[in-house]
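Residues in the sequence shown are numbered consecutively from 781, following the numbering used here.
Note that the Cβ used here is the ideal one computed from N, Cα and C, for glycine as well.
To start, the structure under review is shown below, and the notes come after it.
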Amino acid sequence: MRFGMGVPKPYMISRSERRVPMEVGVQIFGNGSTPGRETTFTENVSSRGARVLSSRRWNINDHLMLMTMTGSFRSLARVAYCEMVPEAGFAVGLEFLEPSGDWVIRGGAAN
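As structure tokens, this is what we get:
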């Protein structure tokens with residue numbers, strides 16, 4: 781077998797903090813191919829990001845805005861992954877890039 785032609789080896793990246801299962805009502809918007817706001821909820825959260833359900837397919841590294849339905853939190857976010865969920869649409873992993881306001885978890889609280 782030539783160098784570089786082997787089978788890719790899976791690897792695990794451990795999170796620096798765990799996710800907490802929590803439903804938070806949010807609005808997301810910024811999908812270039814499907815404009816408009818989507819009202820949805822989180823499945824789990826951390827101080828640095830969240831997993832939300834979406835009816836839209838998002839691309840890795842897309843940027844979107846996330847705002848809580850109640851409270852003052854909003855953030856530009858990066859799509860870390862987008863997975864199809866049967867009968868629910870897509871699960872989208874978001875990394876907060878420019879958070880402002882009060883999120884449901886503060887840094888270090890979910891360790």
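For Ser826, the secondary structure class from DSSP, reduced to helix, strand or coil, is coil. Phe809: member of the beta strand (DSSP E) spanning Gly805 to Phe809, first to last residue. Linking Asn839 to Ser855 through their CA atoms gives a straight-line distance of about 18 Å. Sequence-distant Cβ neighbours of Glu803 in its own chain, meaning closer than 8 Å and more than five residues away, are Phe821, Thr822 and Glu823. Look at the segment 832-864 and you find these whole runs of beta strand (DSSP E), each 3 residues long or longer: 843-848. Between the alpha carbons of Glu818 and Val884 lies a gap of roughly 20 Å. Judged by DSSP secondary structure, Ala871 falls within the beta strand (DSSP E) whose first and last residues are Gly869 to Phe876. DSSP, reduced to helix, strand and coil, places Pro801 within a strand of the structure shown. When DSSP states are grouped into helix, strand and coil, Arg886 belongs to the coil group.
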